[in-house]
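Everything in the sequence shown is counted per our numbering, starting at 1 for the first residue and increasing by one. Ideal Cβ placement from N, Cα and C applies to all residues, glycine included. None of the values given here were measured: they were computed from a predicted structure. Read the structure below first, then the notes.
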Amino acid sequence: MGALMLAEGGTFQPPGADSFVLPPIFGGVTKPMLLVVLSAIIVGAYFVIATRNMKLVPGKGQFVAEFIYEFSRNKIAREHIGAKDFRPFVPLIFTLFTFILVNNIFGIIPIIQFPTMSRIGFPIALALMVYLVMHGVGFARHGFLGYFKHIMFPPGVPKPIYVLLSPIELFQKFIAQPAALAIRVFAAMFAGHLILLVFTLGGEFLLLEASAMLKPVSIVGFAFAIALTFVEALIQVLQAYIFALLTASFIGAALSEGH
């Protein structure tokens, strides 16, 4: 599509990585920075307002707030950290899930239309926070040397295998897991938003610049853009859930007595 030559409009320039590099709005502040702050305000304001006057029979706002909290608490934190240890980590899991969810959904909201997590710096910052919490609780639970033993020498493995297994486990826990945590949500948001841009801008280009015979083809581009928006919405929710779930799993593994 990038090389498509049309009779009246020249060449279609497809969106690329430069579409995610936005100029500063003022000073050094960019749109993604403002969206991160806005998302924190939205999450905080919504849950404060929705739970301000709690009722036995909840209204829609209270019901949604309670559902999201219960889901974060019981289906993510409790199940993957364990009934014994999960309570101190519920605020972290709940905050990560809601914060990432709102920032992802920004990508399909008119006017805003930018998923904040498509900028790699934000997922890296969140993954680094999870990294510090995960290993912090691991060292606190098992001690410094005990935690490395917990990671590198899983029980039930023949001792000669440790020569190969221990470096792999060390690499996985300290590098691969946090890197994958950040890259997963970044790649999903980046790719999804890029695909939507291709079909939306391609449809617009065909509609405005193509010859009369090709203008109807723009309908196909817009139709795909609309259909993929719904798919992207599902992926945005799933990526927020997966990030929170993996965070809980990593914390649960760090706290566990076994490997």
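| task | Would you grab the beta carbon distance between Phe190 and Phe20 for me? Rounded to a whole angstrom, and I think it's under 8 angstroms. | result | The residue you call residue 190 lines up with position 190 of the sequence shown. The residue you call residue 20 lines up with position 20 of the sequence shown. That belief holds up - the Cβ atoms of Phe190 and Phe20 are roughly 7 angstroms apart, short of 8 angstroms.
| request: With a cut-off of 8 angstroms on the beta carbons, I'd call Phe97 and Ala227 a contact; round off their distance for me. | output: Counted from its first residue, the sequence shown places residue 97 at position 97. Counted from its first residue, the sequence shown places residue 227 at position 227. Their Cβ separation, rounded to whole angstroms, is 26 angstroms, which puts Phe97 and Ala227 out of contact at 8 angstroms.
| Cβ distance (whole Å) where Lys173 is taken to contact Ile151 below 8 angstroms | As a position in the sequence shown, residue 173 is number 173, starting the count at 1. As a position in the sequence shown, residue 151 is number 151, starting the count at 1. That pair is a contact at about 5 angstroms.
| said: So, with DSSP's three-state summary, where would you put Val130? | reply: Indexing the sequence shown from 1 puts residue 130 at position 130. Val130 falls in the helix class under three-state DSSP.
| query | How about Val163: is its Cβ closer than 7 angstroms to a heavy atom in the ligand MG? | reply | In terms of ligand content, the structure shown is empty, and the ligand MG therefore cannot be addressed.
| request: Please state whether DSSP places Phe26 in a helix, a strand or coil. | output: As a working note, residue 26 is residue 26 in the sequence shown. Of the three classes helix, strand and coil, the one that applies to Phe26 here is strand, per DSSP.
| Among Met134, Met117 and Leu56, which one has its Cα closest to the Cα of Ile93? | In the sequence shown, the residue the question calls residue 93 occupies position 93. Ile93 has its Cα closest to that of Met134, out of Met134, Met117 and Leu56.
| message | Distance check for Lys84 and Leu238, CA to CA, integer angstroms please. | response | The sequence position of residue 238 within the sequence shown is 238, counting from 1. The sequence position of residue 84 within the sequence shown is 84, counting from 1. Cα to Cα, the separation comes out at about 27 angstroms.
| Thr51 (DSSP reduced to helix, strand or coil) | Taking the first residue of the sequence shown as 1, we reach residue 51 at position 51. Coil at Thr51, not helix or strand.
| said: Would Val185 and Ile100 be called neighbours here (beta carbons separated by less than 8 angstroms)? | reply: Position 185 of the sequence shown, counted from the start, is the residue given in the question as residue 185. Position 100 of the sequence shown, counted from the start, is the residue given in the question as residue 100. Yes.
| message | Would Ile68 and Ala248 be called neighbours here (beta carbons separated by less than 8 angstroms)? | response | Position 68 of the sequence shown, counted from the start, is the residue given in the question as residue 68. Position 248 of the sequence shown, counted from the start, is the residue given in the question as residue 248. No. Outside cutoff.
| field | Top-ranked residue by Cα proximity to His231, from Ile105, Ile25 and Met33 | value | Here residue 231 refers to the residue found at position 231 when the sequence shown is read from its first residue. For the record, residue 231 in the displayed sequence is Val; it is not His. Taking only the C-alpha atoms, the option nearest Val231 is Ile105.
| query | Which residues in the same chain as Val130 place their Cβ atom closer than 7 angstroms to its Cβ, once the five residues preceding and following it in sequence are excluded? | reply | What you label residue 130 is simply residue 130 of the sequence shown in a count that begins at 1. So the list reads Pro178, Leu181, Thr247 and Phe250, once near-sequence residues are dropped.
| Whole-Å CB distance - Thr229 paired with Ile108, under 8 angstroms assumed | In the sequence shown, residue 229 corresponds to position 229, counting from 1. In the sequence shown, residue 108 corresponds to position 108, counting from 1. Contact holds; Cβ gap of about 5 angstroms.
| request: Pull up the CB-CB distance for Ile124 and Ala188, whole angstroms please, since I reckon it's below 8 angstroms. | output: Translated into positions along the sequence shown, residue 124 becomes position 124. Translated into positions along the sequence shown, residue 188 becomes position 188. Ile124 to Ala188, Cβ: 15 angstroms. No contact.
| query | Which two residues bound the contiguous alpha helix (DSSP H) that contains Pro178? | reply | For the purposes of this step, residue 178 is identified with residue 178 of the sequence shown, where counting begins at 1. Note, Pro178: alpha helix (DSSP H), Gln177 to Glu209.
| query | Just curious, the alpha helix (DSSP H) that Gln236 is in, first and last residue? | reply | Start at 1 with the first residue of the sequence shown, and residue 236 comes out as number 236. Taken as a continuous stretch (DSSP letters only), the alpha helix (DSSP H) holding Gln236 covers Ser218 to Leu255.
| So does the segment 49-68 actually touch the segment 25-37, counting three or more Cβ pairs closer than 8 angstroms? | no
| task | Leaving out five residues on either side along the sequence, give the residues of the same chain with a beta carbon under 6 angstroms from the beta carbon of Ser218. | result | For the purposes of this step, residue 218 is taken as residue 218 along the sequence shown, with counting starting at 1. Excluding positions up to five away in sequence, the list reads Gly203, Leu206 and Leu207.
| message | Considering only the alpha carbon of each residue, which of Phe243, Val157, Val220 and Phe144 lies closest to Phe199? | response | Numbered from 1 along the sequence shown, position 199 holds the residue referred to as residue 199. Looking at the Cα atoms, Val220 is the closest of the given residues.
| task | Evaluate Leu255 with the Cβ neighbour count: other Cβ atoms within 10 Å of its Cβ, from every protein chain shown; 16 or more gives buried, anything less gives exposed. | result | Translated into positions along the sequence shown, residue 255 becomes position 255. Buried, by the Cβ-count rule.
| field | Rounded separation between Lys149 and Glu66 - CA only | value | Walking along the sequence shown from the start, residue 149 turns up at place 149. Walking along the sequence shown from the start, residue 66 turns up at place 66. Cα-Cα distance, rounded: 40 angstroms.
| task | Output the distance between the C-alpha atoms of Phe117 and Leu214, rounded to the nearest integer angstrom. | result | Within the sequence shown, residue 117 is the residue found at index 117, counting from 1. Within the sequence shown, residue 214 is the residue found at index 214, counting from 1. According to the sequence shown, residue 117 is Met rather than Phe. Each residue's Cα considered, the two are about 36 angstroms apart.
| Taking DSSP as the reference, what is the three-state secondary structure of Asp18? | The count along the sequence shown starts at 1 and reaches residue 18 at position 18. Helix, per DSSP.
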